[in-house]
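Asker: Just so you know, the protein sequences line up as chains E and Y, in that order. According to my numbering, the first sequence is numbered sequentially starting from 7. According to my numbering, the second sequence is numbered sequentially starting from 7.
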Amino acid sequence: MDKMPKWADVVLVPVVSLLLAAIISAIVFLSIGQNPWEALKLMAYGAVGTSDFLGYTLFYATNFIFTGLAVAVAFHASLFNIGGEGQVLLGGLGAAIVVLLVPWPHWTLALLAGGSAAALFGALWVVIPAYLQARRGSHIVITTIMFNFMASGLLVYMLAGPLKPAGQQQVASGLFPEASRLPSLNDIAEMFGSDMFGRSPVNISIVIALLACVAVWALIWHTRLGYQIRALGKSESAAKYAGISAVNITMIALLISGALAGMMAINNTMGINSPQLVDNAAGGAGFIGIAVALMGRNHPVGIVIAALLFGALYQGGAELAAVTDVQVQIVIVIQALVIMFTGALDEMVRAPIEKLFLRFGRETAVEE
Amino acid sequence: MDFFTFIQLGDASVRMAIPLLLACLAGLFSERAGIFDIGLEGKMLAAAFLSAAVSFASGNVWVGLLAGIGISIVLSIIHGLASITFRGNQLISGVAINFFAAGLTVVIAQGWFAQGGRTPSLPKDARFNGLDFPGALTRVRDKMQASPGMQFYSEFVSGHSILVYIGLLTVPLSWWILYRTRFGLRLRAVGEAPEAVDTAGISVVRLRYSAVIICGILCGIAGAYLSTAVQAGFTKDMTANRGFIALAALIFAKWRPWYALGACLLFGLFFAIDNRFQNIQLQVIWIMILLIGSAVAMTVYALRREKIDVLVLGGLSAVLAAVALITWFGTASGEGIGILAALWETVKVPSQLIQSLPYLFVVIVLAGFVGKAIPPRAGGQPYVKER
């Protein structure tokens, strides 16, 4: 036995990383005079304790599925798209323009049009960084960070000017027409006489997010394009030798990534209870996508699980901040720890586990 | 614009440039040794918080500075662990450090001071105050009536905090270390060809750790400068993306100390202009010339190259041309005047655009159309010793 079993790689390593992140978070709680165990209980209650809380957890998870998939697709091509935040904002802009401009008669049409516009705008926002990476070798990480800053500038400009209805105080677009409002999951549950998701905004977008997972799975592992993306990610020189155009595949992988991030807008802009585009529409989801993709090992199934976990963390953290004196930024700390342990210190976690498995494997081999 | 305004702008540029410069030189040491560091922002932020917190608690700003440098070095060593010892992804480690600092500073600040995620305001003697040179005027009214030479001396040369002068001295010092010492030669070599350094019997690991620790020290000073010299205390996210701008300045400076000074002063000037002039007006004709001109230039460039260049740059040109035409016709119909008359109208440049200019500039620099920047060859790759 030369390697550790696959389940250890896929399950054990992330779980140990998560435990390490939890231990350090506990130290953080202790240092500000909070009982970590009490905090954990409060967060768990805040995440799934009531139907409202559960719904919000799922609502945030939907966001993180989109951004997690976006980061993962780029990761498969060995590209680090850190610009999810900006692409989400542009997606929101696209959706808002389409939904506000055209009086869609039914929400299905609005979803189709708004979703397409969101994906298109998200993809367009990554065109220049992708082009500069593919053709000029400018590092995608720096360019997408710059595009994040420019996206928030552009959004504030649009919301303070062209998209703001006359006489409105808030820096935001007008409310979207009632006909284009996406049905929330609670509307659907009510048809069966249940009040499962309360007044939370979790909506039909979660189905789209799950469909996107299936689509990404099929794309990456069952199409020629997916094969080319993975080949490029494994070895650029080998991919080129096999006749794969590095320029084209880099562009395409990043455009898909941007489109997926942009699609998040159907959830956080069109799907909320009073749908409109606000200036902090992304709310850090683009960055949480990095943690989600790393923890989910860039696989859609892993991403859904990690997104649920982060959805619970985000919602639980918000509740914790509401009832105690802990700032909501504790979520960012935990997110950072997860990124650190699963992304950068992966080897530190993996090597000892691997060693254990090797020793254990050798002993059983000797006994035989 | 009179001479004194000019001097004031220069003075503000220097103040704005110092944190950028320190962070930029920090990145320079790290990247020259082959360790990419996008965690400059996080290290500065953590240092800004801790130096303000410790200055407040101890009443001594120098103790605060040391604490800031300390926490910045701790984060550097974590980055070193991830990228040198465990050969992890340096970019991801940097991202994690940024988030860690962004979250933790606010959480701890609330836990310690309960003022909504910031430190209390520092009293005057727990800060770095401006040093007034002998003979320099201190009151603005006196300065305005003084001779140009005196204005230059009083406003531009004198009156900064000691960290500004330290920051400026760091430039020749970095140059001397990198280009005139054995350590500097080895440090540059380890970023280009670590295997050669290893073959010569010098420890790659030790050199790279030294580089990230120097990076930590400089980021620590930069953070302390923000919270104890520029402002009186820490506020949430007070580094305001300076760590990223510093990275951009580093690329613009082609990883050289003196160029770094120039790049940071330029970015400092951007910030100073943005702070001073809130309302920048431009004639429509200049907007047209600028936008249509760049659109034409890009199209001409693209047409001589491949299909993908035509698609991307052509599309971008179309967007620029559309923005230009919308501005033009929008002004004409908004003012109710003829199309030609509208060309001489002035319109206000959106402040969001002015604020985005440094970022836009970075992208243009990165595009490599303004001189090619070649990073250290072994940058970003962990070194695996041959067996």
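Backbone N, C-alpha and C fix where the C-beta goes; we use that ideal spot for every residue, glycine too.
Ordered along the chain, which non-local residues of its own chain (more than five positions away) have a Cβ less than 8 Å from that of E:LEU126?
Answerer: Cβ neighbours of E:LEU126 beyond the five flanking positions: GLY100, ALA265, GLY268.
Asker: For a test of the three-state rule: what should DSSP assign to Y:ALA152, helix, strand or coil?
Answerer: Y:ALA152 falls in the coil class under three-state DSSP.
Asker: Measuring only between beta-carbons, confirm whether E:ARG142 sits less than 8 Å from chain Y.
Answerer: Yes, because at least one Cβ of chain Y sits closer than 8 Å to the Cβ of E:ARG142.
Asker: Buried or exposed: E:MET197, going by 16 or more other Cβ atoms within 10 Å of its Cβ?
Answerer: E:MET197 should be labelled exposed.
Asker: Measuring only from the beta carbon, is Y:ILE286 closer than 7 Å to any heavy atom that is part of the ligand ZN?
Answerer: The ligand ZN is not part of this structure, which contains no ligands at all.
Asker: Does the CB of E:LEU25 have a neighbour CB from chain Y at under 8 Å?
Answerer: It does not; no Cβ of chain Y falls within 8 Å.
Asker: On the DSSP letters alone, give me the boundaries of the beta strand (DSSP E) that Y:LEU87 sits inside.
Answerer: Careful: Y:LEU87 lies outside any beta strand (DSSP E) and carries neither H nor E.
Asker: In terms of residue numbering, what span does the beta strand (DSSP E) encompassing Y:THR352 cover?
Answerer: Looking at the DSSP string, the run of the beta strand (DSSP E) that includes Y:THR352 is 352-354.
Asker: Please list, in chain order, the chain E residues whose beta carbon lies closer than 9 Å to that of Y:ASP315.
Answerer: Near Y:ASP315 (Cβ distances below 9 Å), the residues of chain E are TYR137, ARG141.
Asker: Note down the Cα distance separating E:GLY419 from E:ALA166, rounded to an integer number of angstroms.
Answerer: Residue 419 of chain E is absent from the structure shown; chain E starts at 7 and stops at 374.
Asker: If you follow the beta strand (DSSP E) that E:LEU18 is part of, which residue opens it and which one closes it?
Answerer: Looking at the DSSP string, E:LEU18 is not in any beta strand (DSSP E), and its letter there is neither H nor E.
Asker: Assuming Y:ALA88 and E:LEU26 make a contact with CB atoms under 8 Å, what is their CB distance in whole Å?
Answerer: Actually they are not in contact, since the Cβ atoms of Y:ALA88 and E:LEU26 sit about 13 Å apart, beyond 8 Å.
Asker: So, helix, strand or coil for Y:LEU349, using DSSP?
Answerer: The answer is coil: DSSP assigns Y:LEU349 none of H, G, I, E or B.
Asker: List the whole-angstrom C-beta distance separating E:GLY121 from E:ILE33, where the pair is believed to meet the contact cut-off of C-beta under 8 Å.
Answerer: That pair is no contact at about 43 Å.
Asker: On the DSSP bridge assignment, give the partners of Y:ALA202 in chain order.
Answerer: DSSP, once it has assigned bridges, lists no residue as partnering Y:ALA202.
Asker: Using a Cβ cut-off of 9 Å, pull out every chain E residue sitting near Y:ARG93, in sequence order please.
Answerer: Under the 9 Å cutoff, chain E gives GLU353.
Asker: Distance, Cα to Cα, Y:PHE62 vs E:GLY239?
Answerer: The alpha-carbon atoms of Y:PHE62 and E:GLY239 are separated by roughly 50 Å.
Asker: Please look up how many angstroms separate the CB atoms of E:ILE338 and Y:GLY109, rounded, as I've assumed it's under 8 Å.
Answerer: Right, the Cβ-Cβ distance comes to about 3 Å (below 8 Å), so this counts as a contact.
Asker: Can you tell me which of the three DSSP states E:LEU181 falls into?
Answerer: The answer is coil: DSSP assigns E:LEU181 none of H, G, I, E or B.
Asker: Y:GLN287 and Y:LYS242: beta carbons closer than 8 Å?
Answerer: No, they are not a contact pair.
Asker: Can you tell me which of the three DSSP states Y:VAL306 falls into?
Answerer: Of the three classes helix, strand and coil, the one that applies to Y:VAL306 here is helix, per DSSP.
Asker: Under 8 Å between C-beta atoms, does E:MET152 make it to chain B?
Answerer: No chain B appears in this structure, whose protein chains are E and Y.
Asker: Taking 8 Å as the CB-CB cut-off, is E:GLN93 touching chain Y?
Answerer: For E:GLN93, the answer is no, since every Cβ of chain Y falls outside 8 Å of its Cβ.
Asker: Going along chain E in order, which residues have a C-beta closer than 7 Å to the C-beta of Y:TYR365?
Answerer: Neighbours of Y:TYR365 on chain E, chain order: MET152, PHE155, MET156.
Asker: Please confirm if Y:PRO126 has its CB atom under 8 Å from at least one CB of chain E.
Answerer: Not an interface residue.
Asker: Look up Y:LEU288 in the DSSP assignment and give the residues it is bridged to.
Answerer: Looking at the DSSP assignment, Y:LEU288 forms a beta bridge with Y:VAL353.
Asker: Between which two residues does the alpha helix (DSSP H) carrying Y:LEU326 extend?
Answerer: Run containing Y:LEU326: 313-341, per the alpha helix (DSSP H) assignment.
Asker: Roughly how many angstroms separate the alpha carbons of E:VAL105 and E:PHE182, rounded to a whole number?
Answerer: Cα-Cα distance, rounded: 7 Å.
Asker: Just curious, the alpha helix (DSSP H) that E:TRP223 is in, first and last residue?
Answerer: That run of the alpha helix (DSSP H) goes 211-228.
Asker: From the beta carbon of Y:VAL369, is the nearest beta carbon of chain E less than 8 Å away?
Answerer: For Y:VAL369, the answer is yes, since a Cβ of chain E falls inside 8 Å of its Cβ.
Asker: With a cut-off of 8 Å, does the C-beta of Y:PHE258 fall near any C-beta of chain E?
Answerer: Answer no: the Cβ-Cβ gap between Y:PHE258 and chain E never drops below 8 Å.
Asker: Identify, in the order they occur along the chain, each residue of the same chain with its Cβ nearer than 7 Å to the Cβ of Y:LEU372, setting aside the five sequence neighbours on each side.
Answerer: Here the set comprises ILE257.
Asker: Check whether the Cβ atoms of E:CYS219 and E:LEU115 lie closer than 8 Å to each other.
Answerer: No, these two residues do not count as a Cβ contact at 8 Å.
Asker: Tell me the DSSP secondary structure of Y:GLY136 in three-state form.
Answerer: Looking at Y:GLY136 - three-state DSSP - the assignment turns out to be strand.
Asker: Between which two residues does the alpha helix (DSSP H) carrying Y:LYS49 extend?
Answerer: 46-64 is the extent of the alpha helix (DSSP H) around Y:LYS49.
Asker: Quick one: does E:PHE293 have its CB under 8 Å from some CB of chain Y?
Answerer: Yes, its Cβ sits closer than 8 Å to a Cβ of chain Y.
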